[in-house]
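So that you can map any letter, position 318 of the sequence shown is 318 in full-length UniProt numbering, and since no number is skipped, the others follow by simple counting. No residue lacks a Cβ here, since even glycine has one placed at the ideal position from N, Cα and C. A quick note: this is a predicted structure, and the numbers were derived from the prediction, not measured.
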Amino acid sequence: MQHNVLILDFGSQYTQLIARRVRELNIFCEIFPYNHFPDDLSSYKAVILSGSPFSTRADDAPHPDLSQIRGKMPLLAVCYGAQYLAHFNGGEVGASSTREYGRANLSFIKEDEAFFADVPMNSQVWMSHSDTIKKLPTGAVKLASTHDVENAAYKIEGETTYAIQFHPEVYHSTDGKKMLENFLVKIAQVPQNFTPNAFVDEIVAELKEKIGNDKVVLGLSGGVDSTVAAVLLNKAIGDNLYCIFVNNGLLRKKEFENVLHQYKDMGLNVKGVDAGDRFLGQLEGISDPETKRKTIGRVFIEVFDDEAHLLTDVKWLAQGTIYPDVIESVSVKGPSATIKSHHNVGGLPDFMKLKIVEPLRMLFKDEVRRVGKTLGIDPELLGRHPFPGPGLSIRILGDITKEKVRILQEVDAVFIDGLKSWGLYDKVWQAGAILLPVDSVGVMGDERTYEKVVALRAVESTDGMTADWVHLPYEFLMKVSNDIINKVKGVNRVVYDISSKPPATIEWE
Ligand code: XMP
Numbered sequence: 001m002q003h004n005v006l007i008l009d010f011g012s013q014y015t016q017l018i019a020r021r022v023r024e025l026n027i028f029c030e031i032f033p034y035n036h037f038p039d040d041l042s043s044y045k046a047v048i049l050s051g052s053p054f055s056t057r058a059d060d061a062p063h064p065d066l067s068q069i070r071g072k073m074p075l076l077a078v079c080y081g082a083q084y085l086a087h088f089n090g091g092e093v094g095a096s097s098t099r100e101y102g103r104a105n106l107s108f109i110k111e112d113e114a115f116f117a118d119v120p121m122n123s124q125v126w127m128s129h130s131d132t133i134k135k136l137p138t139g140a141v142k143l144a145s146t147h148d149v150e151n152a153a154y155k156i157e158g159e160t161t162y163a164i165q166f167h168p169e170v171y172h173s174t175d176g177k178k179m180l181e182n183f184l185v186k187i188a189q190v191p192q193n194f195t196p197n198a199f200v201d202e203i204v205a206e207l208k209e210k211i212g213n214d215k216v217v218l219g220l221s222g223g224v225d226s227t228v229a230a231v232l233l234n235k236a237i238g239d240n241l242y243c244i245f246v247n248n249g250l251l252r253k254k255e256f257e258n259v260l261h262q263y264k265d266m267g268l269n270v271k272g273v274d275a276g277d278r279f280l281g282q283l284e285g286i287s288d289p290e291t292k293r294k295t296i297g298r299v300f301i302e303v304f305d306d307e308a309h310l311l312t313d314v315k316w317l318a319q320g321t322i323y324p325d326v327i328e329s330v331s332v333k334g335p336s337a338t339i340k341s342h343h344n345v346g347g348l349p350d351f352m353k354l355k356i357v358e359p360l361r362m363l364f365k366d367e368v369r370r371v372g373k374t375l376g377i378d379p380e381l382l383g384r385h386p387f388p389g390p391g392l393s394i395r396i397l398g399d400i401t402k403e404k405v406r407i408l409q410e411v412d413a414v415f416i417d418g419l420k421s422w423g424l425y426d427k428v429w430q431a432g433a434i435l436l437p438v439d440s441v442g443v444m445g446d447e448r449t450y451e452k453v454v455a456l457r458a459v460e461s462t463d464g465m466t467a468d469w470v471h472l473p474y475e476f477l478m479k480v481s482n483d484i485i486n487k488v489k490g491v492n493r494v495v496y497d498i499s500s501k502p503p504a505t506i507e508w509e
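Right, here's the structure in full:
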């Protein structure tokens, strides 16, 4: 992958957003922690410094050596970055006396300044800082102010160094993307050539070169990431890619059969392994959610290892890792424990000792979807709601039996099919049904019944970190509730979950 823009992360909650905005301009960029970036920067065309929760005046704040960057290549310093440049170069940073959080408007913009080309006066920007730049650094020219922030933007004369106190990456900064475009395209002249098509061409060539005639094994889950990874690898190495799709007995109704067919239609060399009984057998009597998750993880590894052993001469394990996972593992907070466990290969199953290939490790989720579309993958598959690895096991509260799985699969199918036929599926980020461990009383004819209660859950979210319950139409809920109680034997009551995350979570276990 060509190196275009380097983003130095000082630990801001918005750093990933900077990368996403840059990628939306079809410009490739990478995030590095401020204390861990490449020595040789000659292949980069521009650098962006992120914000940070620190005050630049604090002793333990990030104070990296920027001598290889500043004045040597185009540099944009955002928020903390802007303060950092000022603080150590003859300027002054101090605690601000007025509120500098939230929306503000640019009340002064320097004329004929390329950075602000096509940005109107009073453009709204998003501020989020407690320190403020009281005096600009040596050689700086003020470019913009707001009512409360005099030095909202500046540049250093004779350099392509720009600094802004606000956050262009946040949507509330109405012209933020335009400013990033002005800086990257007009000023730094970075090429806008990172498109899904270009990515596919480049990664396929790279995979061919890297893997050659070796065999690769990959576990398909039915989700977007593993599917797109498989199609890319298939394009690069054809049938030398061996896909394994495991039925853990906890998938949605008919999902194993349907998705397996779809994979075969896509030309993938895939083996479906129906291990439902093996999983359910091991889960018998287990009620604790974390023990369920661990058991499923363990059995999955056993099943996958058995299957991988049937293949000979496999050299690589492919994974659908995406960029947020990669960034997380090298964050400024220090390497996570997972990195250490990779070095401890002694006790791992054989397939885990294979070399790892991760075709999507530089992509965000929405980019994976766009690449999938370019590859001609069925839009329905690409638009599927997220589904947890442990499947229905964490939506059956308490212990798991075959009968409970059957009931929940039926209920879930009525709900999900209903969302689809009412045109609501794509408006919801994730939906599912939960089987509660209580019997409720009901009447059928003249008889009292004691049957199961199910909860329906539908949430809106962007990344699953926070979520709101969806205001599904009452008519829809009424119809789905009727259908479930009439069609699914064993259920006599349906409730709708109206809790948001936080404080509730999306799953019930
Ligand atoms: P929570 O319940 O934590 O869920 O609000 C957030 C997102 O994570 C999914 N989830 C899981 N996914 N294994 C997974 O692969 C798990 O154990 C697991 N638990 C929760 C959940 O479906 C939602 O998308």
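Looking at the DSSP output, W469 shares a beta bridge with V459.
Bounds of the alpha helix (DSSP H) holding Y84 are Y80 to H87. P33: member of the beta strand (DSSP E) spanning C29 to P33, first to last residue. Comparing alpha-carbon positions, the option among Y450, N35 and V5 lying closest to F194 turns out to be V5. Distances between the C-beta of P386 and the heavy atoms of ligand 1 include at least one below 7 angstroms. A Cβ-Cβ separation of about 5 angstroms places D399 in contact with S287 under the 8 angstroms criterion. Bridge partners of V270 according to DSSP: C243. The C-beta of V368 has 16 or more other C-beta atoms within 10 Å across all chains shown, which makes the residue buried.
The C-alpha of H172 lies about 24 angstroms from the C-alpha of A95. Your pair N269 and C243 checks out as a contact, with CB atoms roughly 6 angstroms apart and the cut at 8 angstroms.
Straight-line measurement puts the Cα of W422 at about 59 angstroms from the Cα of E92.
Exclusion of the five residues before and after S440 leaves Y450, E451, K452, V453, N492 and R493 as the residues of its chain whose Cβ lies within less than 8 angstroms of its Cβ. Short note on K365: C-beta not closer than 7 angstroms to any heavy atom of ligand 1. For P196, the enclosing alpha helix (DSSP H) stretches over residues P196 to I211. The bridge partners DSSP lists for W316 are V216 and K355.
Boundaries of the beta strand (DSSP E) around R493: V491 to Y496. With a 10 Å radius around the Cβ and a threshold of 16 neighbouring Cβ atoms, M362 comes out buried. Distances from the CB of K501 to the heavy atoms of ligand 1 include at least one below 7 angstroms. Remark: three or more beta-carbon pairs, one from each stretch, lie closer than 8 angstroms, so the segment 390-407 and the segment 286-306 are flagged as touching. In this structure the segment 230-246 lies against the segment 260-275, because at least three pairs of beta carbons, one per stretch, are closer than 8 angstroms.
Assigned with DSSP and collapsed to three states, V332 falls in coil, not helix or strand. Around the beta-carbon of S130, fewer than 16 other beta-carbon atoms lie within 10 Å, marking it exposed.
Per DSSP, the beta bridge partners of T161 are L75 and I156. Placement of the Cβ of R395 at a distance of 7 angstroms or more from every heavy atom of ligand 1 is found.
A straight-line Cα-Cα distance of about 20 angstroms links D366 and I7.
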